[in-house]
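In the working numbering, the protein residues as written are 1 to 96.
The structure appears below as structure tokens.
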């Protein structure tokens with residue numbers, strides 16, 4: 001990590017992971033081709049977990065839609081588990 005004008009800059013050469021205090025609210029950007037299936041997949045992954053979901057952008061060609069989903073995660077393990085569920089879901093193309 002480096003600093004510039006007092007701001008923290010993450011770079012690929014840093015061996016230090018950022019410190020995240022849990023529990024914390026964490027956001028996921030979900031990208032897929034079918035708007036309705038994408039929304040259903042978010043509900044599928046989150047299950048009964050309280051979460052927020054909002055429509056993001058639609059690509060110029062209309063091929064891709066994004067949703068922003070967020071929830072409180074208790075640990076890095078839970079955060080990674082949710083990310084993996086999104087990543088492996090058939091109706092989701094990309095998760096960030």
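Quick reminder that beta carbons are idealized off the backbone N, C-alpha and C, glycines included.
Discussion item. Tell me the rounded alpha-carbon separation between residue 3 and residue 36.
Written reply: Numbered from its first residue, the chain shown carries residue 3 at position 3. Numbered from its first residue, the chain shown carries residue 36 at position 36. Bear in mind that a pLDDT of 43 at residue 3, under 50, signals an unreliable position, so the model cannot answer this.
Discussion item. At the level of alpha carbons, what is the spacing between residue 78 and residue 31?
Written reply: Walking along the chain shown from the start, residue 78 turns up at place 78. Walking along the chain shown from the start, residue 31 turns up at place 31. Approximately 21 Å, taken between the alpha carbons.
Worksheet entry | C-beta contact flag for residue 28 and residue 64 at 9 Å | The count along the chain shown starts at 1 and reaches residue 28 at position 28. The count along the chain shown starts at 1 and reaches residue 64 at position 64. Result no, Cβ atoms of residue 28 and residue 64 do not sit closer than 9 Å.
Fill in: Where residue 41 falls, given that 16 or more other Cβ within 10 Å makes a residue buried
In the chain shown, counting from the first residue as 1, residue 41 sits at position 41. So residue 41 counts as buried.
Discussion item. If you reduce the DSSP assignment to three classes, tell me which class residue 19 lands in.
Written reply: The residue you call residue 19 lines up with position 19 of the chain shown. Looking at residue 19 - three-state DSSP - the assignment turns out to be coil, as it is neither helix nor strand.
Worksheet entry | Residue range of the alpha helix (DSSP H) that includes residue 35 | Working through the chain shown from its first residue, we reach residue 35 at position 35. Per DSSP, residue 35 belongs to the alpha helix (DSSP H) from 35 to 46.
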